[in-house]
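*Asks:* Shown below is the structure under consideration.
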Amino acid sequence: MRCTTGLDMFGYPPEEVGTEGSWWTERIHPDDRQRAVADSDQAISSGAPGWTSEYRFRRRDGSWAHVVTRALIERDERGRAVRAMAALMDVSLVKETERALRETQRVLLEAQRIGQMRAWEEDLRTGVVQMDLATLLGDGEVRYGPRPREEAWNLIHPADRERMMELRRRTIETGGPFETEYRTLLADGVERVLLVRGELLRDPAGRPERIVGTALDITERKRAEEKAERSQRLLRLVLDTLPVGVMVLDKEANIVSFNPASERIWDDLIASGASRYARILGYWHGTARRVQVEEWASQRALQKGETNLNELIDIETSGGRKKIIRNSAAPIRDERGAVVGAVVINEDVTERVNAEDALRESEKLLIEAQALGRIGSWEQDLVTGAIQSSPENERLFFGEGSRGQNLDDYARVVHPDDLRRVMESRGRLLEGGPGDIEYRVVQPDGRVRWIFGRATVLRDEQGRPARIHGVNADITERKLAEEELARRAQQQSALAQLSLTALKGDGTQALFHEATAALAHTLGVEYGMVLEWSPATERMEFRAGAGPSVDEALRDVSARALPGFMAWFNLRSEAPVVVEDLPAETRFVPCELLMALGVKSGITVPIAGKERPFGILSAATKAKRRFSDQQLQFVWSVANVLATSIEHARAAAELEEKREQLRALSRKLIEAQEAERRAVARELHDDFGQVLTALRLNLGRHDRDDAESIALVDGAIARMRELATDLRPPLLDEFGLEASLRWYVEREAKRAGLVARLRFAPLPTRPPGAVETTCFRVAQEALTNVTRHAQAHSVEVELGPSDGRLQLVVRDDGRGFDVAAARKRATQGGSQGLLSMQERVALAGGELGIDSAAGRGTTIVARLPATAAGEP
């Protein structure tokens, strides 16, 4: 076999084409191979001049081509086939076109069958109408046959026949296509609706020849449209009736449909989505934050396919009205699920939300009012037993974070001492009795609260208790106030009684006993004690007490008030010392005697005096306890009553002592005056009388010695000067206080053999004469006491200004003395030196201090006015 050309159309190059016939037959489609070979064999054996064969041939790329082979047979003289020459034609495109045409015909017939569309034509020359009667007759078979024009016209509904005939006439005249609907009547009287399309055809001469067209049964569609129209009318009626606004948006958010309520809500609807979002004003309800374009539910439905319901938004309509709407939106999807639009529902809830807000506000105010007033409300269903409580009622019973569900929950927190009374009151309430009661509850954290409860019973038609309504009020503060008032009344009564006892003047000891008893009883403690501070011994001594065995335990007890110990700490404190746990105290060393009594807590306050504290007042208990400020104030008040009474007693004793001192001083002054007169008389008689007698005798002698007389006169003069100096040194008037003191101290020290040290600071001005005299006499009396009694080796005298006053200090290193005892001896007629100094200084408007004790010398400090009264 030899191929000259053409196989390249199948993709085979010449060098791949084989020379054997098998190369060709192997590329024929297996289904066609036998037939193609048979065609050639038959033609060769039968003597035919050639053959034609059609089969599928494989292209080089593996696809199949439809080919037609036309062959001519060359024979020898005996008729035998020598060779054959053939031509190939690729008819694949023709075959595909034929297949497509057949498929189109099949689809058209199927579409006509399924869609009930039939072809028709009217021959205007013969008046015959060719049409498919099966559609009209309803037999389900496709039958196409001639029908006289009059018979075809009779199938048209009488009401539409004239219109159709007019349409036919115009079509013939104008030649244009047409489309219309008409009704037809079937044999059984059933009415069908046809959609008819037609067009005029002309012959080669241009004359109207025939009208051809199609007829489509649209009965079901018309019924569906009518049904849809009825549904649309119903839907429109529903939408128009709905109180909520409904809008349908397209993909671009443009409004394609809406109901009247939407217009009423928005005042004026803007159809364009872009314009609407640009102008719309919306704020998330309850906030000042504006709703952004992408946050609107409609946008989220269109852009994200989300459904969002019941979002509260504050809007401002195009008319400027402010409203609150409940906004919802959902996407509309096509059959593929793609979002093609959205439905938006708006509800004007302005009045409802405002009412709800007002209700919530009133509920909030009620809750706040209940919280402020500490009043809770509750209700119990007597059938189920369930109890509904307001938040404040829950707090009254359970504090924070707990809740009660039933009666048992509430009963568990009622104070055990009050539970029986509460349950009895509840029983009387259910029987028609009163509903008021006061009781205590113990909250989970241990706090005790007082509750005032008031309740009423609601009954059913049969008169049986059905529900209980009640309110509870926290009256803890009132109860505490009542208890506080009672305690204060008790304390005031105790203070008043104590004050009366103090006024009676029965003595401080009886007052101490009554004070400690009142302290223990009023504060509810086991012990009350008064301890006195003795500066001489620096010890605290027990004076009075109340409590079990306290007199026996502490009667003869005294304790040194050493730094770091409890007595010293209490005495030096300017504020009440409160002890909550004595064994654990770290501020001081606890008192062993109180520890032995089992004391745990207590209050101690100093009993203050003008010059020094008298002692301390204590209240103590064996229990760990905290004391209120008011209780501290009560102990202070008792201590003040004691301090005032002690000061009065001291003042009375001092006054009496003063009176005795004045009486003794007056006596001593009179005696001193007489003694001084006797001394002056004795000096005049003994000294000056003798001198004058000797002088007279010497002058009466004839051999008198004038020098001896002069010596006697000089001696008398010197003695007179000495006597005058002793009475009042002339230096005091002539040279002032400093020179007089220096002279006097040095003279007396020399006489007594003392070491004298003088420290005089310059005075800014000379003091008044009375002050100088007083200061000199104090120094004179002090030095006299030193030389007579002190047995001292040295004496120091200081004089100078101090804080605007004149200060004199006389200090010795002698044996010292008991100042209080010396004062007492003076009032009993003993030495008046101390009293004299004190009275002189007091008359001059100054102060005198004496500090002395056995074995440590004596210091006398006089502070006198530096100027006369009225001078700066």
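Position one of the sequence shown corresponds to residue 1081 (this note's numbering), numbered consecutively onward.
Glycine residues also receive a C-beta, built at the ideal position from the N, C-alpha and C atoms.
For S1579, name the three-state secondary structure that DSSP assigns.
*Replies:* It is helical.
*Asks:* How far does the alpha helix (DSSP H) with K1307 in it extend, from its first residue to its last?
*Replies:* Unbroken alpha helix (DSSP H) run through K1307: 1299-1321.
*Asks:* Please confirm whether P1288 and L1280 have their CB atoms less than 8 Å apart.
*Replies:* The answer is yes: Cβ separation under 8 Å.
*Asks:* Let me confirm a value: A1377 is counted as buried when at least 16 other C-beta atoms fall within 10 Å, else exposed. Which label applies?
*Replies:* Buried, because 16 or more other Cβ atoms sit within 10 Å of the Cβ of A1377.
*Asks:* Between T1596 and A1626, how many whole angstroms is the CB-CB distance? I'm expecting something under 8 Å.
*Replies:* Confirmed, Cβ separation roughly 4 Å.
*Asks:* Could you tell me which of G1849, E1826, R1837 sits nearest to G1816, measuring between CA atoms?
*Replies:* Checked all of G1849, E1826, R1837; the closest Cα to G1816 is G1849.
*Asks:* Take the Cβ of Q1372 as the centre, count every other Cβ of all protein chains shown within 10 Å, and call the residue buried at 16 or more, exposed below.
*Replies:* Exposed: under 16 other Cβ atoms inside 10 Å.
*Asks:* Ignoring anything shorter than 3 residues or poking outside the stretch 1848-1900, list the beta strand (DSSP E) runs there in chain order.
*Replies:* You should have 1874-1882, 1885-1892.
*Asks:* Where does F1477 fall in DSSP's three states?
*Replies:* Correct three-state label for F1477: helix.
*Asks:* Taking only runs of the beta strand (DSSP E) that begin and end inside the stretch 1109-1192, which ones reach a length of at least 3 residues, in chain order?
*Replies:* Fully enclosed beta strand (DSSP E) runs of 3 or longer: 1130-1138, 1144-1155, 1161-1170.
*Asks:* Closer than 8 Å is the cut-off here; do at least three beta carbon pairs connect the stretch 1886-1904 with the stretch 1867-1874?
*Replies:* Cβ pair count under 8 Å is three or more, so yes.
*Asks:* So, are the CB atoms of V1877 and L1834 less than 8 Å apart?
*Replies:* Contact flag unset, no.
*Asks:* From the DSSP output, in three-state form, read off K1584 for me.
*Replies:* If DSSP states are grouped into helix, strand and coil, K1584 belongs with the helices.
*Asks:* Which runs of the beta strand (DSSP E) spanning at least 3 residues fall entirely within the stretch 1344-1391, listed in chain order?
*Replies:* 1361-1364, all fully within the stretch 1344-1391.
*Asks:* Can you give, in chain order, each stretch of the beta strand (DSSP E) that sits fully within the stretch 1658-1732 and has at least 3 residues?
*Replies:* The stretch 1658-1732 contains these whole beta strand (DSSP E) runs: 1681-1687, 1695-1701.
*Asks:* Looking at C-beta atoms only, is the number of pairs between the stretch 1299-1306 and the stretch 1387-1395 that lie closer than 8 Å three or more?
*Replies:* Result no; under three Cβ-Cβ pairs closer than 8 Å.
*Asks:* What is the rounded straight-line gap between the Cα of K1331 and the Cα of R1356?
*Replies:* Cα to Cα, the separation comes out at about 14 Å.
*Asks:* Taking 8 Å as the cut-off, does the stretch 1572-1579 touch the stretch 1548-1562 (at least 3 CB pairs, one atom from each stretch)?
*Replies:* Result no; under three Cβ-Cβ pairs closer than 8 Å.
*Asks:* Where do the ends of the beta strand (DSSP E) carrying T1251 lie?
*Replies:* Where T1251 is concerned, there is no enclosing beta strand (DSSP E), although the alpha helix (DSSP H) it sits in stretches over 1238-1254.
*Asks:* Roughly how many whole angstroms lie between the Cα atoms of E1271 and N1234?
*Replies:* Near 13 Å, if we compare the C-alpha coordinates of N1234 and E1271.
*Asks:* For the stretch 1459-1474 against the stretch 1482-1502, do three or more pairs of beta-carbon atoms, one drawn from each stretch, fall closer than 8 Å, so that the two count as touching?
*Replies:* Contact holds: three or more Cβ-Cβ distances are below 8 Å.
*Asks:* My understanding is that E1927 touches R1943, with C-beta atoms under 8 Å, so please give their C-beta distance in whole angstroms.
*Replies:* So it is a contact: roughly 5 Å between Cβ atoms.
*Asks:* Only counting the same chain, and skipping five residues up and downstream in sequence, which positions put a Cβ closer than 7 Å to that of R1139?
*Replies:* Answer for R1139: F1090, G1091, A1145, listed in chain order.
*Asks:* What residue does the alpha helix (DSSP H) around P1496 start on, and which one ends it?
*Replies:* Unbroken alpha helix (DSSP H) run through P1496: 1496-1510.
*Asks:* Please report the straight-line C-alpha distance between A1151 and D1170, rounded to a whole angstrom.
*Replies:* The straight-line gap from Cα to Cα measures roughly 15 Å.
*Asks:* Between the C-alpha atoms of E1063 and A1164, what's the straight-line distance to the nearest angstrom?
*Replies:* Past the edges of the chain, shown from 1081 to 1952, lies residue 1063, and the structure says nothing about it.
*Asks:* CB-CB under 7 Å to D1268, same chain, minus the five flanking residues each way: which ones, in chain order?
*Replies:* Hits under 7 Å: none found.
*Asks:* Residues bridged to E1927 by DSSP?
*Replies:* According to DSSP, which records beta bridges pairwise, E1927 is partnered with R1943.
*Asks:* Taking only the alpha-carbon atoms, compute the straight-line gap between G1220 and R1313 and give it to the nearest angstrom.
*Replies:* Any answer about G1220 is weak, because its pLDDT of 44 lies below 50 and its placement is not dependable; what the coordinates show is given next. Using only the alpha carbons, I get a separation of about 35 Å.
*Asks:* Take the Cβ of Q1542 as the centre, count every other Cβ of all protein chains shown within 10 Å, and call the residue buried at 16 or more, exposed below.
*Replies:* Exposed, because fewer than 16 other Cβ atoms sit within 10 Å of the Cβ of Q1542.
*Asks:* So the alpha helix (DSSP H) S1408 belongs to, where does it begin and stop?
*Replies:* Counting along the chain, S1408 falls outside any alpha helix (DSSP H), though it belongs to the beta strand (DSSP E) covering 1402-1413.
*Asks:* DSSP three-state call for A1829: helix, strand or coil?
*Replies:* It is helical.
*Asks:* Pull up the distance between the alpha-carbon of F1668 and that of V1658, whole angstroms please.
*Replies:* Roughly 12 Å separates the two Cα atoms.
*Asks:* Which stretch, first to last residue, makes up the alpha helix (DSSP H) that contains M1646?
*Replies:* First-last of the alpha helix (DSSP H) with M1646: 1646-1652.
*Asks:* Can you pull the DSSP bridge partners for L1487?
*Replies:* In the DSSP output, where bridge partners are listed per residue, L1487 has none listed.
*Asks:* Our contact map puts G1678 next to K1704 with C-beta atoms below 8 Å; I'd like the distance itself, whole angstroms only.
*Replies:* About 12 Å separates the two Cβ atoms, so there is no contact after all.
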